[in-house]
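Residues -22 to -1, 1 to 313 in mature numbering (1 follows the signal peptide of the UniProt record, and there is no 0) are what the sequence shown lists, from first letter to last.
For each residue, glycine too, the CB sits at the ideal point set by N, CA and C.
Here is the structure we will look at.
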Amino acid sequence: MRSAKTLFSLFSVLGTARHALGQFATRLGGVNTAGYDFSVDTDGDYSGTPSPPPTSQYTHFTSEGANLYRIPFAWQLMTPTLGGTINSTFFEEYDTTVQAALDSGSGVYVIVDLHNYARWNGDIIGQGGPTNAEFASIWTQLAAEYGSNDRIIFGIMNEPHDLNVSEWAASLQYVVNEVRSAGSENYLLLPGSSYSSAETFPTEAGPYLVNITDPLGNTDKLLFDVHKYLDSDNSGTHSTCVTNNVDVLETLVTFLQDNGNRQAILSETGGGETTSCYTDLDQELAYVKSAYPTLVGFSAWAAGSFDTTYVLTLTPYSNGTDQTLWTEAVLPNLP
Ligand SMILES: *[C@@H]1O[C@H](CO)[C@@H](O)[C@H](O)[C@H]1NC(C)=O
Ligand SMILES: *[C@@H]1O[C@H](CO)[C@@H](O)[C@H](O)[C@H]1NC(C)=O
Ligand SMILES: *[C@@H]1O[C@H](CO)[C@@H](O)[C@H](O)[C@H]1NC(C)=O
Ligand SMILES: *[C@@H]1O[C@H](CO)[C@@H](O)[C@H](O)[C@H]1NC(C)=O
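Written as structure tokens, this is what we have:
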């Protein structure tokens, strides 16, 4: 008992030291709970109505070991006018979901995910569309709501694509500065381009994003946000998988380690209810687990308001039984 306790204390001290340095020091694993993003398209258009993810899923998945939930929302729902104030009625609805996720376990983290592809109604942020100030406005308002909660991670933007990465990096730098000016010390997730591709990150946006600075003093709280699917065109629209992505993730890890020992989160990945995906997704997530802390963890796509017939569904059946993909590939790799 005594030696076990000493060992425990040693780990506690190391944990504290690591935290003091500020890098993310908890391995994360969980799932996206979609719904507030339904109908946002890749052009940043939005025409839907909010579909709150069932809160029962948080206790369900947390009891199985999940400690990360990414909760996407449409920009137009949170601020109906570009650059305007948050709709408090919608925010209360969204926040009820966020709090249910946090309340499902004391070690649970939530990614607040602005799911708009770097666009508002077809126009690109900082590149003819919303100004950087309009983009920062939603985040300084969310910083006022969530800035004191260190279990909330700000997913600054979902899946930018087809834009100038140099100018995109400048937009991100603007938001980082404004969020810190607003008093928030939350971890921030910074995405590259090509739909947050983990594969293109080291050669496309990565070289620009590693140069983004944090007014907090170092880059420990700036994590990179990457996505990767396992189907033939990396779109996440097919039920069969053709790769376990380990080669792509190894290249990413090398890039991150060579550029200041930075960290990333695989915040979207997934497959269908097929044996190829049971195998490939399990191998991918086992690699993510082995690459901690460079890869902080993953959130699989997707549960929430998706029904049990959606091609990449991880929504449990109404009788409480999980999808086989969850039990075969995700569950074994949770923290
Ligand atoms: C604000 O949010 C509520 C709840 O989602 C919605 O009913 C209302 O229409 C929204 N207001 C605006 C101006 O979009
Ligand atoms: C991207 O933007 C930068 C800065 O405005 C500019 O110098 C560069 O030429 C642009 N790149 C492309 C490919 O348009
Ligand atoms: C990043 O910063 C380094 C050091 O200042 C500089 O050499 C490099 O060109 C920058 N990278 C990009 C893509 O701007
Ligand atoms: C739960 O429902 C699913 C889908 O209908 C079914 O495949 C599974 O066998 C059920 N599990 C139990 C324990 O009844």
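Secondary structure of A160 (DSSP, three-state): coil. Taking C-beta atoms as the reference points, G133 and R48 count as a pair closer than 8 Å.
In chain order, N311 place their CB closer than 7 Å to the CB of A264, counting only its own chain and leaving out the 5 sequence neighbours on each side. For F132, no alpha helix (DSSP H) encloses it; the enclosing beta strand (DSSP E) starts and ends at I130 to G133. Scanning L55, A78 and V76 for the CA closest to the CA of T67 turns up L55. By DSSP's assignment, F179 forms no beta bridge with any residue. Around the beta carbon of Y295, fewer than 16 other beta carbons sit within 10 angstroms, so the residue counts as exposed.
Residue T247 holds the alpha-carbon nearest to the alpha-carbon of W279 among T257, R158, T247 and Q301. Annotation for Y186 indicates a beta carbon within 7 Å of some heavy atom of ligand 3. Closer than 7 Å to some heavy atom of ligand 4: that describes the Cβ of N297. Minimum Cα-Cα distance from A52 among the listed residues L46, T59 and F16 corresponds to F16. C-alpha of P50 to C-alpha of N10: approximately 8 Å in a straight line.
A direct Cα-Cα distance of roughly 9 Å separates V143 from G184. Rounded to whole angstroms, the separation of the alpha carbons of L167 and D300 is 29 Å. The C-beta distance from L141 to S175 rounds to 13 Å, too long to meet the 8 Å contact threshold. According to the DSSP assignment, A278 belongs to the beta strand (DSSP E) that extends over L273 to G282.
Contact check for V86 and R129: beta-carbon distance about 7 Å, within the 8 Å limit, so the pair qualifies.
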